Structures are given as structure tokens and as C-alpha cells.
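K.L.:
Protein chains in written order, with this note's numbering: chain A, 1287 to 1400; chain B, 1176 to 1289.
#1: Short check: CB of residue 1288 of chain A to CB of residue 1317 of chain A, under 8 Å?
#2: Going along chain B in order, which residues have a C-beta closer than 7 Å to the C-beta of residue 1333 of chain A?
#3: Residue 1321 of chain A CB to nearest chain B CB: under 8 Å?
#4: Using the rule of at least 16 other Cβ atoms within 10 Å of the residue's Cβ for burial, across every protein chain shown, is residue 1183 of chain B buried or exposed?
#5: List the residues of chain A whose Cβ lies closer than 8 Å to the Cβ of residue 1283 of chain B, in chain order.
#6: Could you say if the segment 1297 to 1316 of chain A and the segment 1178 to 1194 of chain B meet the contact criterion of at least three C-beta pairs nearer than 8 Å?
#7: Starting from the beta carbon of residue 1315 of chain A, find every residue of chain B whose beta carbon is closer than 7 Å, and list them in chain order.
#8: Mind checking the segment 1370 to 1397 of chain A against chain B and listing, in chain order, the residues whose C-beta falls within less than 8 Å of any C-beta there?
#9: Which first and last residues belong to the beta strand (DSSP E) in which residue 1340 of chain A is found?
#10: Could you tell me the distance, in whole angstroms, from the CA atom of residue 1391 of chain A to the CA atom of residue 1297 of chain A?
#11: Are three or more beta carbon pairs between the segment 1189 to 1197 of chain B and the segment 1358 to 1372 of chain A nearer than 8 Å?
Okay, here's the thing in C-alpha cells:
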């Protein structure tokens, strides 16, 4: 069985603050992929990043950065200098390549206030 | 049209009705997915199709019946639904399931069962 836990249900920050969204996962597979998706109020999930289980390099894309630590089974997402447009629900997901099975976390609702 | 499209965007149906949700992807992908997103519940993977063959069925009730006539189209046939089936139904596609290419999501169909 696999599981994804996003312990933070809701986070509220003021514009320009940095914010980190936590994601902890459980799986028995040695080969898997981790994803982050953003779901704005319009409802459509937008892909942000994919990481495979063999690549622990951290990644930065503009104001977004991801910290993958296999030792703690975590794949945290940081937004630097947050903006109002970052307000959305963010989902962390684990993909099992053997069965084509996706498991999503419950999501973290981020509200960025002006 | 580009990306993943879903019709209808909103659907209200009675418990005795039969309706179908349609998904179309214009990305040349080989894998397609149906997800259910209910309030206060994580995203649930319902069905996975790879090259028009079903590869994953997560114990979904038989009142939901998928159909994948070709790699670009995916349907979800609904009959004798229950009020608890009211949810946002999301379709997604990816290049394939083995390499776990990022999934592109459609805008969803908001289903209300009365």
C-alpha cells in the first residue's frame, strides 16, 4: 500500500512571505515518481514538477523549489516571495510505475493575502 | 483545441438517469485516467487506460463504467448513481504509464446527483 500525507490542511501567508508545503510519502516500491500539482479556483490541476525515486537533486524553478529527501520520505515544496496568484490547493502525489497507480495527498490550501 | 477537454462541465442527474462523461485529449498521449474528487477527500484514481486497454481498476462500483474507444477519447458511463457520487470528475492523460510522464488534467465535470 502507498500513502501520501500533507499534514498542513490550510496555510495563510501575507504576500512576499516564503512558505513551505510539506509532503511525506510511504511506499514499498523502490521505483516511483513524486509529483506536485496546483489546483487554482478554476478547478483544473496544473502539473508543477515530477521527480523519480533515483534523483534526489533539489530543483529550483523561478520562485518555486523542491526538496526531495529519500531518507525521510519527504518531498517538500517552497514558494519564495509568495504572490496572491499563488493562492490555490496544492497536491502532492506518488506514482507507482509497476501498476500505473497514483496516490494523492489530501491537499494543502494556500491563501496568500495582499 | 489543445490539452485535455471534458464535457459537460456541469451535470445534474437523478438517481435513475443514465448519462456519460466525455474526455478528449489532443496531446498524442497513450494513457488516460479518470479521477474522482470529493469534498474533504483526497483525489481518488478510478480507472487507468493504456493504449485503450484498462490497466487499473480501484474497486470502483459497477454503476461507473469506463470506455476507451481510442487513445484520444475516454468516456465514463453513469447509471443509477447515488447522492454520494456527487463530486468533481477529472480526466487526465500522460504520454504513457511506464515512464510516468506528467499527467495533464482536464477542467473536470462537476456532477450533482439528486
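Quick reminder that beta carbons are idealized off the backbone N, C-alpha and C, glycines included.
No experiment lies behind these values; they were computed from the predicted model shown.
P.N.:
Reading from the atomic positions:
#1: As a position in the first chain, residue 1288 of chain A is number 2, starting the count at 1. As a position in the first chain, residue 1317 of chain A is number 31, starting the count at 1. No. Outside cutoff.
#2: Position 47 of the first chain, counted from the first residue, corresponds to residue 1333 of chain A. Per Cβ cutoff of 7 Å: 1277, 1278 and 1279.
#3: Stepping through the first chain from its first residue, residue 1321 of chain A is reached at position 35. Chain B has a Cβ within less than 8 Å of the Cβ of residue 1321 of chain A.
#4: Sequence index remark: in the second chain, residue 1183 of chain B carries index 8 (1-based). Classification of residue 1183 of chain B: exposed, given that the 10 Å Cβ count is below 16.
#5: Within the second chain, the letter at position 108 stands for residue 1283 of chain B. Chain A residues near residue 1283 of chain B: 1329 and 1330.
#6: Taking a cut-off of 8 Å for Cβ pairs, the segment 1297 to 1316 of chain A and the segment 1178 to 1194 of chain B do not touch, as fewer than three such pairs fall below it.
#7: Indexing the first chain from 1 puts residue 1315 of chain A at position 29. Think of a sphere of 7 Å around the beta carbon of residue 1315 of chain A: no beta carbon from chain B falls inside it, the nearest being about 12 Å out.
#8: Against chain B - using a Cβ distance shorter than 8 Å - the residues of the segment 1370 to 1397 of chain A are 1377, 1379, 1381, 1383, 1385, 1386, 1387, 1388, 1389, 1390, 1391, 1392 and 1393.
#9: For this step, residue 1340 of chain A is matched to residue 54 along the first chain. It is not in any beta strand (DSSP E) - residue 1340 of chain A carries neither H nor E in the DSSP assignment.
#10: Locating residue 1391 of chain A in the first chain gives position 105, where the first residue counts as 1. Locating residue 1297 of chain A in the first chain gives position 11, where the first residue counts as 1. Rounded to the nearest angstrom, the two C-alpha atoms are 15 Å apart.
#11: At 8 Å Cβ cutoff, the stretches do not touch.
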